[in-house]
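Engineer: Residues 1 to 200 in my numbering are what the sequence shown lists, from first letter to last.
The beta-carbon is built from N, C-alpha and C at its ideal position, and this holds for glycine as well.
None of these values were measured; they are calculated from a predicted model.
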Amino acid sequence: MADSTRLFFKQDTVLKQEPVQSSMLPSNKIQKVPQGTLLVLDSYERPANSHIRISLKNLKFKGLRMNWYAFEGHVAIVQEQIQAVDTISKSISKQQEKNTLKVTTYSNSDQECPLKLIINTDTMLKRAPVDSRYLSEDSIQKIPVGTELVIMGQKPKADKILELPIDDSHFKFSLKDLEFNGFSEDWYVYVEHAGVQILG
Numbered sequence: 001m002a003d004s005t006r007l008f009f010k011q012d013t014v015l016k017q018e019p020v021q022s023s024m025l026p027s028n029k030i031q032k033v034p035q036g037t038l039l040v041l042d043s044y045e046r047p048a049n050s051h052i053r054i055s056l057k058n059l060k061f062k063g064l065r066m067n068w069y070a071f072e073g074h075v076a077i078v079q080e081q082i083q084a085v086d087t088i089s090k091s092i093s094k095q096q097e098k099n100t101l102k103v104t105t106y107s108n109s110d111q112e113c114p115l116k117l118i119i120n121t122d123t124m125l126k127r128a129p130v131d132s133r134y135l136s137e138d139s140i141q142k143i144p145v146g147t148e149l150v151i152m153g154q155k156p157k158a159d160k161i162l163e164l165p166i167d168d169s170h171f172k173f174s175l176k177d178l179e180f181n182g183f184s185e186d187w188y189v190y191v192e193h194a195g196v197q198i199l200g
């Protein structure tokens, strides 16, 4: 796969529309981003005020595709070759049941297990498990290859297995903290375009 410039979030933080303390900005000018997220950049520069100015490839937060700022102590610029992971489809092919993705975890059954959605090819996140041609613009979000999103996990069963929903060849998930088009819950991605791993 090709080289890519990405922004890695070393801790829970926010993207901001201005390079100032987030407490000085209204909620419509900030976007929470969880630790472990990796976003593909169009460009970046290091202006004053200890903030990196970034332009994200294809992504829109708060309905805006514009420059954002990240405090440089909370993020790292990563320039490396993108590594594909096993797709959700490949993982399901090794299971008997095809309507859930089973992921083995090391978490106790009383703790939620955080997960990472890894995008292997340019794709669309969708609000329904159908061809994106049939959805309105506010029901889809373009996502570039190399993006890694933290998604909501769940508590594993007693055997430390997570069972994650598959619907009509699409993986259903909810984003942790992030919102696309005003939604964080009930997104879908085609099972051939992404993989899921335990965050950590």
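By how many angstroms is the C-alpha of L25 removed from the C-alpha of L202?
Structural biologist: There is simply no residue 202 to check, as the chain begins at 1 and stops at 200 in what is shown.
Engineer: Name, in chain order, the residues that DSSP records as bridge partners for D3.
Structural biologist: The partner list for D3 (beta bridge, DSSP) reads Q81.
Engineer: Alpha carbons only, please: which of G146, P144 and V130 is nearest the one belonging to W187?
Structural biologist: Among G146, P144 and V130, the Cα nearest to that of W187 belongs to V130.
Engineer: So if DSSP puts P165 in a beta bridge, which residue, or which two residues, is it bridged to?
Structural biologist: P165 is bridged to T100.
Engineer: Nearest-angstrom Cα distance between N181 and K60?
Structural biologist: In a straight line, the C-alpha of N181 is about 8 angstroms away from that of K60.
Engineer: Below 8 angstroms on the Cβ atoms is my guess for L178 versus F171; work out the distance and round it to an integer in Å.
Structural biologist: Contact doesn't hold; Cβ gap of about 16 angstroms is too wide.
Engineer: Using C-beta distances below 8 angstroms, list every residue in its chain close to H74, excluding the 5 sequence neighbours before and after it, in chain order.
Structural biologist: So the list reads F9, K10, Q11 and T13, once near-sequence residues are dropped.
Engineer: Quick one: Cα of V191 to Cα of N49, how far?
Structural biologist: Each residue's alpha carbon lies about 42 angstroms from the other.
Engineer: What's the gap between the Cα of V85 and the Cα of K176?
Structural biologist: For V85 and K176, the distance between alpha carbons rounds to 21 angstroms.
Engineer: Just to confirm before moving on: does the CB-CB distance between V33 and N58 stay below 9 angstroms?
Structural biologist: No; because the gap between Cβ atoms is not below 9 angstroms, this pair is not in contact.
Engineer: Note the first and the last residue of the continuous alpha helix (DSSP H) segment covering K90.
Structural biologist: Segment I88 to S93, the alpha helix (DSSP H) holding K90.
Engineer: Rounded to whole angstroms, what's the CA-CA distance from D138 to E18? Just pull it up for me.
Structural biologist: Cα-Cα distance, rounded: 25 angstroms.
Engineer: How close, in whole Å, do the beta carbons of N99 and I166 come, if the pair is a contact with beta carbons under 8 angstroms?
Structural biologist: Contact holds; Cβ gap of about 5 angstroms.
Engineer: Along the chain, which unbroken stretches of the beta strand (DSSP E) at least 3 residues long are found entirely within the segment 109–147?
Structural biologist: Listed in chain order, they are 113–119, 123–126 and 140–143.
Engineer: Expressed to the nearest angstrom, what Euclidean distance is found between the alpha-carbon atoms of Y207 and K157?
Structural biologist: Only positions 1 to 200 of the chain appear in the structure, and residue 207 is not among them; the question remains open.
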